[in-house]
Amino acid sequence: MRSSQELLRSKRRELLIGSFQTNPSGSLREGFFYYVGTDCGKIYIMDKKLTVEETAQFLRDAVDDAIKEKKSFRIFYHIRPDGDAIGSAYSLALGLNLLGASAAAVGSDPIPSVFRDLTDEAEAVLRRKDPERGDTEETVNIAVDTATTYRLGKNSDEDIDLCIDHHGTNEPGGERYLPARYRHVEADASSCSEIIFSILKAMDIEITKLMADLLYTGLLTDVSCFRTRSTTAASLQTAAELASMGADIVDIARKHYMMKPLPRIEMEKLAYERIRFSQDENVAGTYLELDDYIRNGLEDSDLRDFNTVIDQVCKSDGSPLPVRIMVREIEKGRCRISVMARSFVNAADICAVVGGGGHNNSAGAEMQGDPAEVLEKIMEISLQNIHAKKSS
Ligand SMILES: [Mn+2]
Numbered sequence: 106m107r108s109s110q111e112l113l114r115s116k117r118r119e120l121l122i123g124s125f126q127t128n129p130s131g132s133l134r135e136g137f138f139y140y141v142g143t144d145c146g147k148i149y150i151m152d153k154k155l156t157v158e159e160t161a162q163f164l165r166d167a168v169d170d171a172i173k174e175k176k177s178f179r180i181f182y183h184i185r186p187d188g189d190a191i192g193s194a195y196s197l198a199l200g201l202n203l204l205g206a207s208a209a210a211v212g213s214d215p216i217p218s219v220f221r222d223l224t225d226e227a228e229a230v231l232r233r234k235d236p237e238r239g240d241t242e243e244t245v246n247i248a249v250d251t252a253t254t255y256r257l258g259k260n261s262d263e264d265i266d267l268c269i270d271h272h273g274t275n276e277p278g279g280e281r282y283l284p285a286r287y288r289h290v291e292a293d294a295s296s297c298s299e300i301i302f303s304i305l306k307a308m309d310i311e312i313t314k315l316m317a318d319l320l321y322t323g324l325l326t327d328v329s330c331f332r333t334r335s336t337t338a339a340s341l342q343t344a345a346e347l348a349s350m351g352a353d354i355v356d357i358a359r360k361h362y363m364m365k366p367l368p369r370i371e372m373e374k375l376a377y378e379r380i381r382f383s384q385d386e387n388v389a390g391t392y393l394e395l396d397d398y399i400r401n402g403l404e405d406s407d408l409r410d411f412n413t414v415i416d417q418v419c420k421s422d423g424s425p426l427p428v429r430i431m432v433r434e435i436e437k438g439r440c441r442i443s444v445m446a447r448s449f450v451n452a453a454d455i456c457a458v459v460g461g462g463g464h465n466n467s468a469g470a471e472m473q474g475d476p477a478e479v480l481e482k483i484m485e486i487s488l489q490n491i492h493a494k495k496s497s
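Per our numbering, the sequence shown starts with residue 106, numbered consecutively.
In structure tokens form, the structure reads like this:
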């Protein structure tokens with residue numbers, strides 16, 4: 106426990122933790138944490154949950170306040186940004202900008218080239234309307250698509266006023282959690298972009314073609330082209346509305362799920378050549394060697410959705426394969442394993458044998474060794490797991 110003087114000197118987030126430790130009154134309720142801000146000694150309610158309507162009202166009020174007080178919005182997205190992080194952050198920044206507010210999408214890592222045409226266009230719009238955007242001292246901080254403080258990277262010290270997310274674990278007390286003054290987390294939304302879309306609509310903001318393209322990119326990439334189990338009727342409805350607002354549904358799908366540069370094709374060729382099946386056809390796997398990356402001038406981050414190479418494989422009679430495995434050698438002699446499983450097999454159980462973990466359908470682990478040998482070991486563990494399940 107720390108003294109109040111120490112607490113007052115420390116940053117807000119530490120004060121928040123301090124108030125966890127020192128609140129003896131029993132008034133600490135799940136989802137409502139109290140702390141004293143260093144800036145003005147105010148007591149903030151932490152982690153107040155908002156509905157879509159309340160979030161829209163919060164943002165409308167924040168825009169009015171920001172214009173009056175010369176504050177700007179910063180919308181933080183997570184490290185190693187994906188389509189959903191980028192689509193959510195930039196479409197929200199553009200929406201707030203349409204209401205006259207200064208807004209910037211802020212990340213910690215470079216934007217992958219496949220998204221840069223959209224983000225360059227968005228940056229140009231944001232800068233044209235507001236050349237000094239983001240440079241004000243006072244800011245309203247929003248985090249999107251990010252379930253932990255760690256995932257904010259170099260921005261993880263920022264106080265977050267509003268957190269908009271779709272990760273079910275991102276709740277006070279959850280295993281992965283991002284503290285914020287207000288939060289809007291919809292665990293059943295397929296993507297954060299889907300949530301941002303409903304908030305922008307509730308704010309009566311006109312969605313431009315660029316915003317529709319960004320949101321559609323976020324939605325489509327988070328549901329892997331409507332192929333994941335998180336795809337819902339609501340995602341398809343959102344997609345239909347975005348299409349009617351001008352989103353380039355064909356070009357975006359082709360760009361993310363058809364077009365591949367030659368070095369990637371070369372990597373896929375190698376992975377296809379190395380696919381091996383267990384004799385009973387219950388397990389299949391393949392691997393990439395470190396040399397493959399070096400020869401083709403690619404890094405692991407260039408291989409988005411690469412697991413599809415093995416995930417698409419089924420049995421010869423067309424029925425689903427219980428376990429699919431991808432092994433990638435990320436450093437000499439160190440391999441990252443992805444296990445995808447279905448029906449009665451649990452991928453997390455298989456990965457737990459070698460110190461990894463994850464979900465029922467998909468899990469991961471790291472192992473030392475030659476990738477071909479690592480694959481063999483994991484296939485063996487998977488077969489043992491299947492036989493144990495079958496005989497129990
Ligand atoms: Mn997401």
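No residue lacks a Cβ here, since even glycine has one placed at the ideal position from N, Cα and C.
Relative to ligand 1, H464 has its C-beta separated by 7 Å or more from all heavy atoms. Here the C-alpha atom of I486 lies approximately 58 Å from the C-alpha atom of K234. In the three-state reduction of the DSSP assignment, F382 falls in the strand class.
Within 7 Å of the C-beta of S296 there is at least one heavy atom belonging to ligand 1. DSSP lists I269 as the bridge partner or partners of H289. The beta-carbon separation of S296 and D189, rounded to 5 Å, stays under the 8 Å limit for a contact. Not one heavy atom of ligand 1 lies closer than 7 Å to the C-beta of H492. The DSSP assignment places 452-457 as complete runs of the alpha helix (DSSP H) inside the stretch 419-470, in order along the chain (cut-off: 4 residues). Counting only unbroken stretches of 3 or more residues, the beta strand (DSSP E) elements lying wholly within the stretch 201-268 are 207-211 and 244-249, in sequence order. Excluding the 5 residues flanking it on each side, A457 has no same chain C-beta neighbour closer than 7 Å. A straight-line Cα-Cα distance of about 15 Å links S329 and P186.
One Cα belongs to A209, the other to G351, and the distance between them is close to 23 Å.
Residue state for R369 is assigned as helix, using DSSP reduced to three classes.
Taking K360 as the centre and dropping the five residues before and after it, the same chain places the C-beta of V219 closer than 8 Å to its C-beta, in chain order.
For the stretch 143-191, the continuous alpha helix (DSSP H) assignments of 4+ residues that do not extend past its boundaries occur at 157-174, in sequence order. Counted as a single uninterrupted DSSP element, the beta strand (DSSP E) harbouring L393 occupies residues V388 to L393. Boundaries for Y282: no alpha helix (DSSP H) harbours it, and the DSSP string shows neither H nor E there.
In the three-state scheme derived from DSSP, where H, G and I count as helix and E and B as strand, M350 is classed as coil.
Within the same chain, and ignoring the five residues on either side of S335 in sequence, the residues whose Cβ sits closer than 7 Å to its Cβ are S295 and V328. Contact check for I430 against V450 fails: the beta carbons are separated by 8 Å or more.
By the C-beta density criterion, I269 is buried, having at least 16 other C-beta atoms within 10 angstroms. Rounded to the nearest angstrom, the gap between the Cα atoms of A345 and G273 is 25 Å.
Look at M472 here: in three-state DSSP terms it is strand.
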